[in-house]
Amino acid sequence: MKFTGRAQIESLTQFKTENFPVTSLYLDTDKSRLLKKEISVSLKQLLNEGKARLEAMDVAREKKESLALDLEKISAFCAQNLGTFNHAGLALFACSRKGFWLPLFLPHGPRNRFVVDQNFYVRPLPAILDKYRRVCVFLISRREARWYEVFMGEITPLGSLTSNVPSRVKKGGYEGNESKRIERHIEAHVLEHFKKASRMMFDIFKKNHFESLFLGCEDNSYPVLEPLLHAYVKDRLKGRMKAKPADSAAAVLKEAGELESVLKTDEASEVVRKLIAELERGGRACSGVRETLHRLNQFEVQTLVVTHNYSKEGRACPNCKFLYLEDEICPVCRRKTGHVADVIDEAIEAALKHKCAVKQIDATTRLDRYGSVGAFLKYKM
Ligand SMILES: [Zn+2]
5 MKFTGRAQIE SLTQFKTENF PVTSLYLDTD KSRLLKKEIS VSLKQLLNEG
55 KARLEAMDVA REKKESLALD LEKISAFCAQ NLGTFNHAGL ALFACSRKGF
105 WLPLFLPHGP RNRFVVDQNF YVRPLPAILD KYRRVCVFLI SRREARWYEV
155 FMGEITPLGS LTSNVPSRVK KGGYEGNESK RIERHIEAHV LEHFKKASRM
205 MFDIFKKNHF ESLFLGCEDN SYPVLEPLLH AYVKDRLKGR MKAKPADSAA
255 AVLKEAGELE SVLKTDEASE VVRKLIAELE RGGRACSGVR ETLHRLNQFE
305 VQTLVVTHNY SKEGRACPNC KFLYLEDEIC PVCRRKTGHV ADVIDEAIEA
355 ALKHKCAVKQ IDATTRLDRY GSVGAFLKYK M
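In terms of my numbering, the sequence shown opens at residue 5 and continues consecutively.
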């Protein structure tokens with residue numbers, strides 16, 4: 005099924021297996037960048053890697069059997085679907101022992117990965133969601149209005165409005181007062197059209213719970229339109245577009261995608277700027293792996309900020325689940341901690357479980373000079 009949002013991530017993070025290992029596989033299937041052959045070679049490598057790891061595992065027979073079935077299921081699914089697959093990425097989650105199987109179709113190619121763990125590997129998913137917010141595009145001219153939803157690289161029409169507004173007065177067609185009177189009459193029609201469109205806009209927002217609004221209108225219409233928008237809608241206005249109601253959906257999608265990407269970059273630099281400002285004034289923030297893990301363990305993190313794909317080996321306590329950089333013995337419950345391949349990954353999962361926000365920063369930013377990971381805290385340190 006298509007990857008649609010947080011609910012799927014939550015159901016994956018909450019899946020409990022009572023110590024049965026689970027399998028997660030991510031495959032980059034973006035045919036705009038990769039040949040079919042390259043995709044199937046990558047899949048083969050992942051499956052071979054999986055088989056090799058399974059053989060080397062020293063675990064109970066029934067655990068091994070469950071993992072072997074996961075591999076078979078993944079292999080069969082890919083053989084059947086990959087040929088005609090037209091999504092940029094594929095994620096497969098399996099725990100055969102518990103009868104769990106979830107294929108997710110992704111709009112963005114992930115890094116190829118095969119992960120066997122106690123929990124599903126979900127880290128790439130919030131990063132993809134962050135990339136694709138649900139945006140309402142509202143395009144309005146003096147006579148027409150059109151709405152679209154743009155989400156995960158797809159565009160869906162939501163509705164349109166055509167009002168009966170007379171054409172503008174032609175130059176030299178009328179003289180003096182008569183011309184002004186007609187002009188006022190026309191402007192009244194335009195205003196009525198804007199009012200009607202603004203009311204429809206509010207209804208569309210209430211129904212769809214959009215996070216962002218992109219607005220396309222003529223520059224001279226904007227000062228008339230803006231005061232008519234409901235405060236709830238106006239709060240979500242994130243950018244202006246050049247597109248017009250008559251433009252093709254494909255053109256609208258392209259412009260919306262470009263605007264979204266610019267906004268994302270600006271937002272990421274803003275998050276990093278705020279975090280660093282907070283750190284420098286000794287406020288409610290921390291940075292670096294060790295400190296951030298400590299604050300996360302103490303449930304003090306409000307928003308975790310991490311450079312995309314930054315990873316680090318670490319340790320986790322099997323009892324209290326606290327995360328550490330190198331503590332061999334958990335300082336809290338005195339149990340021996342276990343090695344984890346990517347403690348940043350574990351931190352993101354823990355943050356999501358604690359209902360913290362997670363901001364993954366796509367580009368290289370000043371955050372890298374602060375250890376590539378940090379957090380805004382709930383309380384002052
Ligand atoms: Zn512990």
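Here a beta-carbon is modelled for each residue, glycine too, at the ideal position from N, C-alpha and C.
Since this is a predicted model, take the numbers as computed values, not measurements.
Restricted to the stretch 172-228, the alpha helix (DSSP H) segments that are unbroken, complete and at least 4 residues in length are 180-212, listed in chain order. In the DSSP assignment, residue 242 falls within the unbroken beta strand (DSSP E) covering 241-245. Residue 207 has its alpha-carbon roughly 13 angstroms from the corresponding atom of residue 165. In the structure shown, residue 39 adopts coil according to DSSP, grouped into three states. Taking 3 residues as the minimum length, the beta strand (DSSP E) runs contained wholly in the stretch 14-58 are 26-32, in order along the chain. A direct Cα-Cα distance of roughly 23 angstroms separates residue 122 from residue 335.
For the options 198, 372, 328, the alpha carbon positioned closest to that of residue 280 is the one of 372. If you draw a straight line from the Cα of residue 353 to the Cα of residue 190, it is about 57 angstroms long.
The criterion of a C-beta distance shorter than 8 angstroms is not satisfied by residue 380 and residue 244. Under the DSSP assignment, residue 164 falls in the beta strand (DSSP E) whose first and last residues are 158-166. DSSP places residue 74 in the helix class (H, G or I) of the three-state scheme. A straight line joining the alpha-carbon of residue 307 with that of residue 205 spans about 32 angstroms. In the DSSP assignment, residue 144 falls within the beta strand (DSSP E) that extends over 139-144. Boundaries for residue 333: no beta strand (DSSP E) harbours it, and the DSSP string shows neither H nor E there. In the pairwise beta carbon analysis, the stretch 61-79 is classified as not touching the stretch 32-39: fewer than three pairs are separated by under 8 angstroms.
Listed in chain order, the beta strand (DSSP E) runs fully inside the stretch 293-326 are 305-311, 318-320, counting runs of at least 3 residues. In the DSSP assignment, residue 152 falls within the unbroken beta strand (DSSP E) covering 148-155.
In the structure shown, residue 361 adopts extended strand secondary structure according to DSSP, grouped into three states. In the DSSP annotation of this structure, the continuous segment of the beta strand (DSSP E) that includes residue 121 starts and ends at 117-121. Counting of Cβ neighbours within 10 angstroms places residue 319 among the buried residues, the total reaching 16 or more. Between residue 300 and residue 327, the C-beta gap is smaller than 8 angstroms, which places the two residues in contact. The C-alpha of residue 192 is placed about 14 angstroms away from the C-alpha of residue 183.
Annotated as distal: residue 345 and residue 304, with beta-carbon spacing of 8 angstroms or more. Beta bridge pairing from DSSP links residue 344 with 318. The closest heavy atom of ligand 1 lies 7 angstroms or more from the beta carbon of residue 303. When the alpha-carbon of residue 28 is set against those of 44, 38, 100, the nearest one is in 100. For the pair residue 30 and residue 68, the Cα-to-Cα distance works out to about 21 angstroms. Here the stretch 42-58 does not lie against the stretch 144-155, with fewer than 3 beta-carbon pairs under 8 angstroms apart. In the DSSP assignment, the residues bridged to residue 378 are 291, 309. Counting the other Cβ atoms within 10 Å of the Cβ of residue 349 gives 16 or more, which makes it buried. Taking a C-beta distance under 8 angstroms as the contact criterion, residue 19 and residue 109 do not qualify as a contact pair. Excluding its 5 nearest sequence neighbours in each direction, residue 263 has C-beta neighbours in its own chain below 7 angstroms: 218, 243, 245, listed in chain order.
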